[in-house]
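Q: Once you know that position 108 of the sequence shown is 109 in our numbering, the rest is easy, because the numbers rise by one and skip nothing.
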Amino acid sequence: MLGREKQKKINKVNFITMSSNLIIDVKRNLLSNYVKKTKLPIVADFWAPWCGPCSRFKPTIEALAKHFAGKLQILKVNIDENDDTAEAYQIVNIPTLIIFNAKGVRIQTIKGQKTLPQLIQALEALPIF
2 MLGREKQKKI
12 NKVNFITMSS
22 NLIIDVKRNL
32 LSNYVKKTKL
42 PIVADFWAPW
52 CGPCSRFKPT
62 IEALAKHFAG
72 KLQILKVNID
82 ENDDTAEAYQ
92 IVNIPTLIIF
102 NAKGVRIQTI
112 KGQKTLPQLI
122 QALEALPIF
């Protein structure tokens with residue numbers, strides 16, 4: 002059986018190699034930098050490699066990134082690597098999505114795994130585009 006640290010590394014490598022180039026992995030608690038500098042609305046996906054629902058949600062997030070390509074930016078925020086950011090945004094359950102408009106204002110939080118149609122409908126209803 003693999004140790005927890007080794008399993009985390011394996012999961013991280015698998016996630017990064019399977020990520021779409023439409024999705025940015027946020028490192029070192031730098032979410033606020035992305036939010037301040039973006040010209041696009043942002044969907045920040047808070048997740049962890051050991052989270053089963055997060056793994057099952059990954060294809061939905063990738064499809065969402067493709068659906069809104071060029072219209073919004075998807076950021077993946079691993080709570081194990083970005084614990085200060087997760088604490089600042091009061092993330093207690095994952096997966097959690099936080100939506101920011103193009104001015105960096107937090108618009109909405111969506112908790113739990115949702116379907117692609119649910120996410121598209123929710124995002125299109127927001128004043129972010």
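Even for Gly, the Cβ is constructed at its ideal location relative to N, Cα and C.
Note that the structure is a prediction, hence the values are computed from the model and not measured.
#1: Do Leu127 and Ile108 count as a contact pair if the criterion is CB distance below 7 Å?
#2: Taking 6 Å as the limit between beta carbons, can you name the residues of its chain near Leu98, skipping five residues before and five after?
#3: Less than 7 Å separating the beta-carbons of Thr39 and Gln74?
#4: Measure the beta-carbon distance from Val78 to Val27 and round it to whole angstroms, keeping in mind my assumption that it falls under 8 Å.
#5: May I have the straight-line CA-CA distance separating Gln114 from Asn102, to the nearest angstrom?
A: Let me spell this out:
#1: For the purposes of this step, residue 108 is taken as the residue at position 107 of the sequence shown. For the purposes of this step, residue 127 is taken as the residue at position 126 of the sequence shown. Closer than 7 Å, so yes.
#2: The residue you call residue 98 lines up with position 97 of the sequence shown. These residues qualify, in order along the chain: Val44, Asp46, Ile111.
#3: Walking along the sequence shown from the start, residue 39 turns up at place 38. Walking along the sequence shown from the start, residue 74 turns up at place 73. Yes.
#4: Locating residue 78 in the sequence shown gives position 77, counting from the first residue. Locating residue 27 in the sequence shown gives position 26, counting from the first residue. With a Cβ gap of about 5 Å, Val78 and Val27 count as contacting.
#5: Numbered from its first residue, the sequence shown carries residue 114 at position 113. Numbered from its first residue, the sequence shown carries residue 102 at position 101. When rounded, the distance between both Cα atoms is 21 Å.
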